[in-house]
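All remarks here apply to the structure that follows.
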Amino acid sequence: MKRVIVSGGGWAGLAAAVELARRGIPVLLLESAGQLGGRARSVDILDTRLDNGQHLMIGAYRDMLSLLKTLGVREGDVFQRLPLELRMQSPAGSGYHLATPRLPAPLHLLWGLAGARGLTVAERRQALRMAAGLAAGASGNDDPPLEEFLRKSPQENVIIKKLWEPLCLAMLNTPIGVASSRVFRRVLRDTFARRRRDSDLLIPRTDLGALLPGPAHAFITSHGGEVRLKQRVTALQVEDGRVSGVVLAGGEALAAEHVILAVPDTVCQRLLAPHPPLASIADRLARFRHAPICTVYLRYPPHIRLGTPMAGLLDTTAQWVFDRRLTGNPGVMAVVISSHGPHMALGNDELIARIASELATLNPAWPAPDAAQVIREKRATLLCHAGIDALRPGNATPLGGCWVAGDYTDTGYPSVLEGAVRSGLDCARKIRESNDLIPWLY
Ligand SMILES: Cc1cc2nc3c(=O)[nH]c(=O)nc-3n(C[C@H](O)[C@H](O)[C@H](O)COP(=O)(O)OP(=O)(O)OC[C@H]3O[C@@H](n4cnc5c(N)ncnc54)[C@H](O)[C@@H]3O)c2cc1C
75 MKRVIVSGGG WAGLAAAVEL ARRGIPVLLL ESAGQLGGRA RSVDILDTRL DNGQHLMIGA
135 YRDMLSLLKT LGVREGDVFQ RLPLELRMQS PAGSGYHLAT PRLPAPLHLL WGLAGARGLT
195 VAERRQALRM AAGLAAGASG NDDPPLEEFL RKSPQENVII KKLWEPLCLA MLNTPIGVAS
255 SRVFRRVLRD TFARRRRDSD LLIPRTDLGA LLPGPAHAFI TSHGGEVRLK QRVTALQVED
315 GRVSGVVLAG GEALAAEHVI LAVPDTVCQR LLAPHPPLAS IADRLARFRH APICTVYLRY
375 PPHIRLGTPM AGLLDTTAQW VFDRRLTGNP GVMAVVISSH GPHMALGNDE LIARIASELA
435 TLNPAWPAPD AAQVIREKRA TLLCHAGIDA LRPGNATPLG GCWVAGDYTD TGYPSVLEGA
495 VRSGLDCARK IRESNDLIPW LY
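Using the numbering used here, the letters of the sequence shown map in sequence onto residues 75 to 516.
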């Protein structure tokens, strides 16, 4: 088979290139940046190796876990697997603790909700009613915003704020007032309804670059593929109604039988728009909205510990805090703030001061951090609003040989690593299948 070009070396492009290389299909991966990983990459800051944003994975990320297996990466080496536990702290006293026992799914969740310490009996009852409503779902194509779907009476405000709002922000990176209840229910079903292991938290033990991009790079090149960094694709080439290659910044043209565009949706939109068969997909991509994620790293003396690998925070600007000890950065705390909010209007120094003071209130024995850094990813994910499913494209396009992959495609998931990996693998498999169907072309 002639060459396949994968444009974009995020987790979607890497998954596609690994799968193609594994099948013996010649593949060339072109990445515009100087490193692989895209929105899930390592950065060197605070005199150590951290990530562009703290990431959390779950046991339901089957495609990601199977890709790691292909790469020869052992799960236990790169993840600490923990049963789902929500340890929510609050300076206003509204914290609670939800632990899931060793029961089959979904009983483990129901038991966890029913026994959550710190929630009142009424709140636990409301939480269970809402969980049952989410599991039963809504009819047809209905996709009301999640808050509207959950709330049956004003008394339920408190449990929505304490439980469902933080979960919605963490899972969809979208405020609960606009979030797609359909996507939320799908993630909940995949996470809680099948195997208990699916809801396990997978906390990285390594920086993100060493977790997947590094091993993927090595796999691709050792299986006959090629990876080129600092190669920006600026246009698709089309001949006889079919993709024939790409053009790079600088004008070099590279021929290919298939091209997988695994670039962010905004870049994909620009590459598709000039080609009439692709215009309708480009129009849909132009309607996407995005949401930021802000990670505030605070460096304390190495003996400072959170006590658990992660904790949720209520009634604060900070939403989640991760102890990076597990990742080899003792004393470093990663504080995550999802989506839009008043924190976006604060300067970095002001934001650091506020987060440090919130952590000091909850952990009075901690000294002040000796260094801190903010990383704001302005377009971290799609805004996963009600009705989003109708806009997301599949992997195949009406132009022969042109494929799209990425967390924004129609993966069923919100913008997460599992969706990115799944879309890349699907593109590669479909190319392989099309090759099996018409072998004489190659
Ligand atoms: C701060 C933050 C926290 C997150 N937390 C989580 C989490 O906890 N759990 C989770 O599952 N997900 C999380 N996500 C989402 C996850 O990182 C993304 O869903 C995933 O990385 C998207 O991968 P992708 O390959 O689809 O896109 P990208 O990672 O955007 O990859 C696209 C690649 O294309 C390259 N590129 C761009 N233009 C060109 C061009 N013209 N030519 C060639 N290459 C080009 C880019 O440099 C990039 O490498 C988080 C994201 C962020 C930013």
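In this text, a Cβ means the ideal position worked out from N, Cα and C, and glycines have one as well.
- Distances taken from the Cβ of S106 to the heavy atoms of ligand 1 include one shorter than 7 Å.
- The beta carbons of I505 and H297 sit no closer together than 8 Å.
- Counting every other CB atom within 10 Å of its CB across the protein chains shown gives D121 a total below 16, marking it as exposed.
- A direct Cα-to-Cα measurement between M245 and Y487 gives close to 9 Å.
- Three or more Cβ pairs closer than 8 Å define a contact, and the region 87 to 102 meets that threshold against the region 494 to 502.
- Per DSSP, reduced to three states, the secondary structure at R191 is strand.
- C342 is positioned such that its CB atom lies closer than 8 Å to that of V478.
- At least one heavy atom of ligand 1 is found less than 7 Å from the C-beta of G84.
- When only Cα atoms are considered, L103 and E300 end up about 6 Å apart.
- Between R191 and Y170 a beta carbon distance of about 6 Å is seen, short of the 8 Å cut, so the two are scored as contacting.
- If you look at I294, you'll find it in the alpha helix (DSSP H) that goes P287 to S296.
- Take A95, set aside five residues on each side of it, and the residues of its chain with a beta-carbon closer than 8 Å to its own are V101, F293, I294, H297, G298 and G299, in chain order.
- Ranking D463, A107, R115 and Q109 by CA distance to the CA of L282 puts R115 first.
- Inclusion of L491 in the 7 Å shell around ligand 1 follows from its C-beta lying nearer than that to a non-hydrogen atom of the ligand.
- Within the DSSP bridge table, the entry for V321 names A309 and A327 as partners.
- Take the alpha-carbon of L172 and the one of G189: they are about 7 Å apart.
- With a cutoff of 7 Å, E197 does not count as near ligand 1, since its C-beta is closer than that to no heavy atom of the ligand.
- Residue nearest to R176 within the set R270, K304, L352 and H291 is R270 (criterion: CA-CA distance).
- Distances between the C-beta of N126 and the heavy atoms of ligand 1 include at least one below 7 Å.
- Under the Cβ criterion (8 Å, minimum of three pairs), the region 153 to 168 does not count as touching the region 443 to 454.
- The beta carbon of D481 sits closer than 7 Å to at least one heavy atom of ligand 1.
- For M418, no alpha helix (DSSP H) segment is defined, and its DSSP state is neither H nor E.
- Excluding five sequence positions before and after T308, the CB atoms of its chain that fall closer than 7 Å to its own CB belong to V321, L322 and A323, given in chain order.
- For V370, the enclosing beta strand (DSSP E) has its first and last residue at H364 to R373.
- Within the DSSP bridge table, the entry for H459 names A253 as partners.
- In the structure shown, W394 adopts extended strand secondary structure according to DSSP, grouped into three states.
- Comparing alpha carbon positions, the residue from G150, L145, S431 and D125 closest to G133 is G150.
- Boundaries around D137 are those of the alpha helix (DSSP H), R136 to T144, since no beta strand (DSSP E) includes it.
- In this structure, R503 has its beta carbon at no less than 7 Å from each heavy atom of ligand 1.
- Here DSSP, grouped into helix, strand and coil, assigns E451 to strand.
- Restricting attention to N437, I250, S106 and P416, the CA atom closest to the CA of Y374 is found in N437.
- Judged by DSSP secondary structure, S354 falls within the alpha helix (DSSP H) whose first and last residues are A353 to A360.
- DSSP places I426 within a helical segment (H, G or I) once states are collapsed to three.
- With a beta-carbon spacing of about 6 Å, A454 and N247 fall inside the 8 Å limit used to define contacts.
- For the pair P287 and L110, the CB atoms are nearer than the 8 Å cut-off.
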